[in-house]
Amino acid sequence: MKIVEVRVEESLLPKQDKDWKFALAASGMSEGWVVSIRAQDGTTGYGYASSMAHYGAPHETVKGALDRLIKRLEGRDSRDIANIMADLDRAMVGNNQAKAGIDCALHDLMARRLNIPICDLFGGPAVREFATLRILPIKSPSDMAKNARMLHNKGVRHFKIKIHGEIDEDVARVAAVRKELGADAHLTVDANQSYAPKDAIIALNRMAQYKIDLAEQPVKASDLVGLKAVTAAVPITIEADEAAYSLDQVMILVRDRIVDAISLKIAKLGGLRKTYAAAMICEAGGVRYRMGAHSGPQLLAAHGLQLAAALPGIWYASELTEFDGLAEDRWEGLKLVDGVLHHTDAIGCGVTPKAARTKG
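Using the numbering used here, the first residue of the sequence shown is number 670, and each one after it goes up by one.
This is the structure in structure tokens:
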């Protein structure tokens, strides 16, 4: 079934928290691009290309890459996903965020034409319920504790505490959240590369008393030696995120036992097919993996959920519900109840654009 039209539309969605920030940036807006691919029979598939400046993919750059890549799609057989994506890789190095939007739209199109969920293309739903892990953006320790309490009241039991490389302040943030939530909450921390290796070791060993399940990307993505040193020196599970920016990089992290776990993200890895391949590399090498922060609208989370459903080896709560922190969303269909995201048998990625509001 030939591709007859490809469209790229801007997606700018405000967050409920206008002061949302992490170690590398601050943003009260979720930015990205919606890719729509229509086949001859009228079936349309949707994907989301995330704007991720801290991965080298700012908003305008992602759009420029999409504009060049989509020119290679019209007239192609929409079922020929493997060859199409290989052609895009030959045409342009990197730009995984743009390629992920196209890859997801092609899978969504195929699944909708077959009248099945996307996860059926990857072996079917092995898992149907996912505990959510929600992000606590950087604020004062007391404000982060208050935000954690509000999320806890909504059923969330897994939390990611953003930290920024100041040991005493960061330890205080962890202590405040643990004190507020008590022993039953699951806590993780994410430094977003903000620590030097020695400081990361000091900070994480001090945080360990507060029962931290995992620590995400404590040092610079390029410092694999330092990352491995941190992994060896602390009792907390160390997870790579920014360092796991491509399929070959995932292979290096696993092969050399640099980390205990890897955060998989469809956007940074270039789509569903490559993210699934990354999960298989982790399984083969005995390194844990889960779905990391899919920050954006329900459309992005829906693709993450579909892939997660086909991966029974996921070891920990995934970050697939950040859409719940948006002030508005143009997509609907996901089922989030008491902090648990449910996979349904809805076709395609499982979400659809909200109907246009009637004027007047």
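Don't be surprised by glycine CBs; every beta carbon is placed ideally from N, CA and C.
Only a predicted model underlies this, so the values are computations on that prediction, with no experimental measurement involved.
Hey, how far is the Cα of Ala1025 from the Cα of Ile771? As a working note, residue 1025 is residue 356 in the sequence shown. As a working note, residue 771 is residue 102 in the sequence shown. Low local confidence applies: a pLDDT of 47 at Ala1025 is under 50, so the model's placement there is unreliable, with the coordinate-based value given in what follows. Distance between the alpha carbons of Ala1025 and Ile771 is about 24 Å.
For Gly1029, which three-state DSSP category applies? What you label residue 1029 is simply residue 360 of the sequence shown in a count that begins at 1. Only weak support is given to the placement of Gly1029: the predicted model assigns it a pLDDT of 30, under 50, and the value that follows is read from those uncertain coordinates. The answer is coil: DSSP assigns Gly1029 none of H, G, I, E or B.
Ile1016 in three-state terms, based on DSSP: In the sequence shown, the residue the question calls residue 1016 occupies position 347. The three-state secondary structure of Ile1016, taken from DSSP, is coil.
May I ask you to list the residues that DSSP assigns as paired with Ser987? What you label residue 987 is simply residue 318 of the sequence shown in a count that begins at 1. Per DSSP, Thr801.
Whole beta strand (DSSP E) elements within the stretch 808 to 893, 3-residue minimum: Those beta strand (DSSP E) runs which fall completely within the stretch 808 to 893 and span 3+ residues are 827 to 831, 855 to 859, 881 to 885.
Would you call Leu681 buried or exposed, if buried means 16 or more other Cβ atoms sit within 10 Å of its Cβ? Here residue 681 is taken as the residue at index 12 of the sequence shown, counted from 1. Exposed, since its Cβ has fewer than 16 Cβ neighbours within 10 Å.
Cα-Cα separation between Thr1027 and Ala996, rounded to whole angstroms: As a working mapping, residue 1027 is identified with position 358 in the sequence shown. As a working mapping, residue 996 is identified with position 327 in the sequence shown. In this prediction, Thr1027 scores a pLDDT of 37, lower than 50, which makes its location untrustworthy; the coordinate-derived value is nonetheless stated afterwards. One Cα belongs to Thr1027, the other to Ala996, and the distance between them is close to 20 Å.
Sequence-distant residues of the same chain with beta carbon closer than 7 Å to Ser719, five excluded per side: One-based indexing of the sequence shown puts residue 719 at position 50. When the five nearest sequence neighbours on each side are left out, the beta carbons in the same chain lying within less than 7 Å of the beta carbon of Ser719 are those of Gly701, Gln766, Ala936, Gly965, Leu969, in order along the chain.
Less than 7 Å between C-beta atoms, sequence neighbours within five positions excluded: which residues of the same chain meet that for Arg842? Here residue 842 is taken as the residue at index 173 of the sequence shown, counted from 1. The beta carbon of Arg842 sits closer than 7 Å to those of Pro810, Met813, Ile830, Ile832, all from its chain and outside the five residues before and after it, given in chain order.
Closest by CA to Asn764, which one among Val825, Glu743, Leu738? To locate residue 764, count along the sequence shown from 1; it is residue 95. When each option's Cα is compared against that of Asn764, the closest is Leu738.
Closest to Asp749 by CA distance: which of Pro794, Leu1005, Thr801, Lys671 is it? One-based indexing of the sequence shown puts residue 749 at position 80. Nearest to Asp749 by alpha-carbon distance, out of Pro794, Leu1005, Thr801, Lys671, is Lys671.
Can you tell me whether Gly1029 is buried or exposed? The criterion is at least 16 other CB atoms within 10 Å of its CB, across all chains shown. On the sequence shown, position 360 is the one that residue 1029 refers to. Interpretation of Gly1029 is limited by its pLDDT of 30, a score under 50 that renders its predicted location unreliable; no figure is taken from the coordinates.
Can you look up Leu693 in the DSSP assignment and give me helix, strand or coil? As a first step, residue 693 is located in the sequence shown; it is residue number 24 there, counting from the start. In the three-state reduction of the DSSP assignment, Leu693 falls in the coil class.
Please list the terminal residues of the continuous alpha helix (DSSP H) segment that includes Thr944. Locating residue 944 in the sequence shown gives position 275, where the first residue counts as 1. Counting along the chain, the alpha helix (DSSP H) containing Thr944 begins and ends at 941 to 954.
Going by DSSP in three states, Tyr715 sits in which element: helix, strand or coil? Against the sequence shown, residue 715 aligns to sequence position 46. Strand at Tyr715.
Threshold first: 3 residues or longer. Then list the beta strand (DSSP E) segments lying entirely within the stretch 724 to 773, N to C. Counting only runs of 3 or more, we get nothing.
So, at 6 Å on beta carbons, what are the nonlocal neighbours of Gly982 in its own chain, with the 5 sequence-adjacent residues on each side left out? On the sequence shown, residue 982 is found 313 positions in, with the first residue counted as 1. Once the five neighbours on either side are set aside, the close Cβ partners of Gly982 are Glu952.
Contacting residues, own chain, Cβ-Cβ under 6 Å from Ile927 (five flanking each side not counted): Here residue 927 corresponds to residue number 258 of the sequence shown, with the count starting at 1. Excluding residues within five positions, the ones whose Cβ falls inside 6 Å are Leu893, Leu896, Lys897.
DSSP three-state call for Lys937: helix, strand or coil? Within the sequence shown, residue 937 is the residue found at index 268, counting from 1. Assigned with DSSP and collapsed to three states, Lys937 falls in helix.
Using the rule of at least 16 other Cβ atoms within 10 Å of the residue's Cβ for burial, across every protein chain shown, is Arg924 buried or exposed? Counting from one through the sequence shown, the residue named residue 924 turns up at place 255. Per the 10 Å Cβ criterion, exposed.
Out of Trp984, Tyr945, His776, Leu856, which has the shortest C-alpha to C-alpha gap to Ser747? Translated into the one-based positions of the sequence shown, residue 747 becomes position 78. Closest option to Ser747, Cα to Cα, is His776.
Tell me whether Arg957 sits in a helix, a strand or coil according to DSSP, three-state version. By one-based count along the sequence shown, residue 957 stands at place 288. Arg957 falls in the strand class under three-state DSSP.
For Met920, report the span of its alpha helix (DSSP H) as first-last. In the sequence shown, residue 920 corresponds to position 251, counting from 1. For Met920, the uninterrupted alpha helix (DSSP H) run begins and ends at 916 to 924, by DSSP.
Based on Cα-Cα distance, which residue from Arg959, Arg999, Gly1002 lies nearest to Phe799? Numbered from its first residue, the sequence shown carries residue 799 at position 130. Ranking the options by Cα distance to Phe799, first place goes to Arg959.
Residues bridged to Ala1024 (per DSSP): Here residue 1024 refers to the residue found at position 355 of the sequence shown. In the DSSP output, where bridge partners are listed per residue, Ala1024 has none listed.
At what residues does the alpha helix (DSSP H) containing His972 begin and finish? For the purposes of this step, residue 972 is identified with residue 303 of the sequence shown, where counting begins at 1. First-last of the alpha helix (DSSP H) with His972: 967 to 978.
Between Leu856 and Lys823, which are expected to be in contact by the criterion C-beta below 8 Å, what is the C-beta distance as a whole number of angstroms? Counting from 1 along the sequence shown, the entry for residue 856 is found at position 187. Counting from 1 along the sequence shown, the entry for residue 823 is found at position 154. Here Leu856 is actually not in contact with Lys823; their C-beta atoms are around 17 Å apart, not less than 8 Å.
Are the CB atoms of Ala962 and Gly793 within a distance shorter than 8 Å? Here residue 793 refers to the residue found at position 124 when the sequence shown is read from its first residue. Here residue 962 refers to the residue found at position 293 when the sequence shown is read from its first residue. Gly793 is not a Cβ neighbour of Ala962, given a cutoff of 8 Å.
DSSP beta-bridge partners of Glu674: The residue given as residue 674 occupies position 5 in the sequence shown. BP columns for Glu674 point to Arg707.
Selected residue, minimal CA-CA separation from Lys815, among Arg797, Val846, Leu790, Ala909: Your numbering for residue 815 matches position 146 in the sequence shown. Here the closest residue by C-alpha is Val846.
Taking the beta strand (DSSP E) that Glu908 falls in, what are its first and last residues? Within the sequence shown, the letter at position 239 stands for residue 908. From DSSP, the beta strand (DSSP E) with Glu908 extends over 906 to 909.
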